[in-house]
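Under my numbering, think of the first position of the sequence shown as 299, with each following residue one higher.
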Amino acid sequence: MKKALKITGITLLSVFILLLVIPFLFKGKIINLVKEEVGKTVDANIQFPDISISLIKNFPNINVTLDQFSISGKGAFDKDTLMTVKKISLTLDLMSVIKGDQYEIRKIIIDKPFINLKVLADSSANWYIVKKEPTKQGQAQADTSSAFNISMKSFKINDAVVIYDDKPNKTYANVAGLNFSLSGDLSAESTSLTTESIIKALTIDYG
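Have a look at this one:
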């Protein structure tokens, strides 16, 4: 009896240690992949000072959390922040991370995003940050294949604030306390999606 308890205890301890160690083995690779994906698709300044990885939060999936994520523009919008997010949580399929071919994203939670959309007097907008693909003949095409596969079952936005400031059209809008959820199998060819949206406050000013 004591021997069985001892073996069980050692097994549980070994599993717990693995749950703590495995995330550290993949942390560097995941950080590099996130930076590469952002660099391939976005022409803006991206910052996320800290990233944490855990197997305990969503076992048997792996949880990746980006804290204090922010996007700021370039050129005319160099000093403007397009978006800040308190926390972005990604739930990845563990086996896809271990195989390393393409990481499958199961769930995304965006917590307390602040989105600041601007249109200047010359009609330039700060949200045009997606990189354009080369169009000249003979010019090498960039590798646009993604290391991440969106196989989501759930997507949530918690307590978002969205500001829209359009100078040419003299329009200002402020959406506060926006909560959005989407659930369903986005990897299926045919699926049923459930969505829910709640807005606590909305302000619109024309002229």
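Just so it is clear, CB atoms sit at the ideal spot from N, CA and C, and this is done for glycine as well.
With at least 16 other beta carbons inside 10 angstroms of its own, Y401 counts as buried.
Among the bridge pairs identified by DSSP, D464 is matched with V417, T469. A check of alpha carbon separations from P466 across V417, L390, D391 identifies V417 as the nearest. Taking V340 as the centre and dropping the five residues before and after it, the same chain places the C-beta of I427 closer than 6 Å to its C-beta, in chain order. Exclusion of the five residues before and after S394 leaves Q400, Y401, E402 as the residues of its chain whose Cβ lies within less than 7 Å of its Cβ. In this chain, the alpha helix (DSSP H) harbouring K397 covers 392-397. In the three-state scheme derived from DSSP, where H, G and I count as helix and E and B as strand, F478 is classed as strand. Taken in chain order, the complete alpha helix (DSSP H) segments of 4 or more residues contained in the region 341-406 are 392-397.
At the C-beta level, N477 and I455 come within 8 Å of one another. When DSSP states are grouped into helix, strand and coil, N330 belongs to the helix group. Residue pairing of D409 in beta bridges, as defined by DSSP: K385, N456. Sequence-distant Cβ neighbours of L364 in its own chain, meaning closer than 6 Å and more than five residues away, are F346, I349, I386.
When only Cα atoms are considered, I344 and Y462 end up about 21 Å apart. Put simply, the backbone Cα of K451 is about 6 Å away from that of L484.
Taking a contact to require three or more Cβ pairs closer than 8 Å, the region 377-391 and the region 407-415 qualify as touching. Beyond the five residues adjoining it in sequence on each side, V460 comes within less than 6 Å, by CB distance, of I413, V473 in the same chain, given in chain order.
Within the DSSP bridge table, the entry for I497 names L476 as partners. In the structure shown, K338 falls within a helical segment according to DSSP collapsed to helix, strand and coil.
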